[in-house]
Amino acid sequence: TYRDDPQAEPQERTVSVNHPLNVNGTNVFLIGHGYAPHITVRNTDGSIAFSGPVVFLPEDSSFRSFGVLKVPDASNPTDTQIGLEGELYPTYGFSNETGPFSAYPDAKSPFISMVLWTGDLGLDSGKPQSVYALDKAKLDKVMKSEKAQYRVDLPMGATKELPDGLGTVTFDSIDRFVKLQVSKTPAQWVTLLGVILALIGMLGSLFIRPRRIWVRLRREGEGSLAEVAGLDRSSGGNLGAELDDLVADLAEQQGDRA
Numbered sequence: 020t021y022r023d024d025p026q027a028e029p030q031e032r033t034v035s036v037n038h039p040l041n042v043n044g045t046n047v048f049l050i051g052h053g054y055a056p057h058i059t060v061r062n063t064d065g066s067i068a069f070s071g072p073v074v075f076l077p078e079d080s081s082f083r084s085f086g087v088l089k090v091p092d093a094s095n096p097t098d099t100q101i102g103l104e105g106e107l108y109p110t111y112g113f114s115n116e117t118g119p120f121s122a123y124p125d126a127k128s129p130f131i132s133m134v135l136w137t138g139d140l141g142l143d144s145g146k147p148q149s150v151y152a153l154d155k156a157k158l159d160k161v162m163k164s165e166k167a168q169y170r171v172d173l174p175m176g177a178t179k180e181l182p183d184g185l186g187t188v189t190f191d192s193i194d195r196f197v198k199l200q201v202s203k204t205p206a207q208w209v210t211l212l213g214v215i216l217a218l219i220g221m222l223g224s225l226f227i228r229p230r231r232i233w234v235r236l237r238r239e240g241e242g243s244l245a246e247v248a249g250l251d252r253s254s255g256g257n258l259g260a261e262l263d264d265l266v267a268d269l270a271e272q273q274g275d276r277a
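20 is the number of the first residue of the sequence shown in this note's numbering; add one for each residue after it.
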């Protein structure tokens, strides 16, 4: 939904690729989209440490997507921050050959699989960092066994308890996100006019033959002597015949004086 101005009634419009939304001369283009699962992380006492949609960026045509979740305000016995990273499968499938995969781009049976990290997320350092990646410089892997990192596997609607009193993670629902580009080109008609004029000029150079003709007259006894010359800058014309016609016209106009 959108409004032309703050006082206008909201209107609904579908924006798709190559079909932008135009609002008072400004175009809003759709340049990307994907899924943003709604995830809730609760502390051991049941209080909410994080709850909201998390953007997962698509990695292939089946919309298998990668994303991270940062929980800096977690409250747990070790007073440590929590990080999760992993993949979203809109329509979950599994085979022994490929492992987990998404069988279809639509969210028919969404499933999240993420690994667990604890420590310092680096958000208090003042340095900018990507919302799509974990800064693992001060993070530690949470291990399930000596060789396997602890993994949080959740179908939509499920909740899983984290180890070491870190709380629980719930995959509540799934939403879509869009990536939009807003652009306005007020001088596009001037540019279009310039292109049209340039094309007209180019066509003129193709079909108009550039020629130069000189005529020099001087007195010669009782009459005048005319000297005629020409220069043809393109091939294929009959410049000689045209000069003969010009000389004949001059002779006719001069009459007995020629």
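The beta carbon of each residue, even a glycine, is placed where N, CA and C say it ideally should be.
Owing to the predicted nature of the structure, the values given are computational and were not obtained by experimental measurement.
Is it right to say Ala93 is buried, meaning 16 or more other beta carbons lie within 10 angstroms of its own, or is it exposed?
-> Indexing the sequence shown from 1 puts residue 93 at position 74. By the neighbour-count rule (16 or more Cβ atoms within 10 Å), Ala93 is buried.
Runs of beta strand (DSSP E) lying entirely within the segment 121-208, each at least 3 residues, in chain order = 130-138, 158-160, 170-174, 178-180 and 187-202
Distance, Cα to Cα, Pro77 vs Tyr151?
-> The residue labelled residue 77 in the question sits at position 58 within the sequence shown. The residue labelled residue 151 in the question sits at position 132 within the sequence shown. When rounded, the distance between both Cα atoms is 12 Å.
For Leu236, collect the residues of the same chain with a Cβ closer than 6 Å to its Cβ; drop the 5 residues on either side in sequence, then sort them by chain order.
-> Position 217 of the sequence shown, counted from the first residue, corresponds to residue 236. For Leu236, where only same-chain residues beyond five positions count, the Cβ hits under 6 Å are Ser243 and Ala245.
Can you name the start and end residues of the beta strand (DSSP E) that Ala93 belongs to?
-> As a first step, residue 93 is located in the sequence shown; it is residue number 74 there, counting from the start. No beta strand (DSSP E) holds Ala93; DSSP gives it neither H nor E.
Bounding residues of the beta strand (DSSP E) (the contiguous stretch that carries Ser243) = The residue labelled residue 243 in the question sits at position 224 within the sequence shown. Per DSSP, Ser243 belongs to the beta strand (DSSP E) from Gly242 to Asp251.
How is Phe82 classed by DSSP in three states: helix, strand or coil?
-> Residue mapping note: residue 82 aligns to position 63 of the sequence shown, counting from 1. Of the three classes helix, strand and coil, the one that applies to Phe82 here is coil, per DSSP.
Please name the residue, chosen from Pro205, Met221, Phe130 and Asp64, that lies closest to Gly176 on a Cα-to-Cα basis.
-> In the sequence shown, counting from the first residue as 1, residue 176 sits at position 157. Looking at the Cα atoms, Phe130 is the closest of the given residues.
Give every residue of the same chain whose Cβ lies closer than 8 Å to the Cβ of Leu153, excluding the five residues on either side of it in the sequence, and list them in chain order.
-> Taking the first residue of the sequence shown as 1, we reach residue 153 at position 134. Contacts found: Val87, Lys89, Gly102, Glu104, Trp136 and Leu140.
From what residue to what residue does the beta strand (DSSP E) around Pro290 run?
-> The chain is shown only over 20 to 277; residue 290 falls outside these bounds and no answer can be derived.
For Thr110, which three-state DSSP category applies?
-> Walking along the sequence shown from the start, residue 110 turns up at place 91. Note: Thr110 maps to strand in three-state DSSP.
Contact set for Asp159: own chain, Cβ-Cβ below 8 Å, skip 5 residues either direction = By one-based count along the sequence shown, residue 159 stands at place 140. Contacts found: Trp136, Thr137 and Gly138.
Report buried or exposed for Tyr111, applying the criterion of at least 16 other Cβ atoms within 10 angstroms of its Cβ.
-> Here residue 111 refers to the residue found at position 92 of the sequence shown. Burial call: buried.
Contacting residues, own chain, Cβ-Cβ under 6 Å from Ala126 (five flanking each side not counted) = Counting from one through the sequence shown, the residue named residue 126 turns up at place 107. Excluding residues within five positions, the ones whose Cβ falls inside 6 Å are Pro109 and Ile193.
Would you kindly check if the distance between the Cβ of Val161 and the Cβ of Val188 is under 8 Å?
-> On the sequence shown, position 169 is the one that residue 188 refers to. On the sequence shown, position 142 is the one that residue 161 refers to. No, the Cβ-Cβ distance between Val188 and Val161 is not below 8 Å.
Inter-residue spacing [alpha-carbon to alpha-carbon] between Ser121 and Asp79 | Walking along the sequence shown from the start, residue 121 turns up at place 102. Walking along the sequence shown from the start, residue 79 turns up at place 60. Going from the Cα of Ser121 to the Cα of Asp79 covers about 10 Å.
Could you round the C-beta distance between His52 and Phe196 to whole angstroms and report it? I think they count as a contact, below 8 Å.
-> Position 33 of the sequence shown, counted from the start, is the residue given in the question as residue 52. Position 177 of the sequence shown, counted from the start, is the residue given in the question as residue 196. Rounded, the Cβ-Cβ distance is 7 Å, consistent with contact.
Following the continuous beta strand (DSSP E) through Gly44, name the residue where it begins and the one where it ends.
-> One-based indexing of the sequence shown puts residue 44 at position 25. Counting along the chain, Gly44 falls outside any beta strand (DSSP E), and DSSP gives it neither H nor E.
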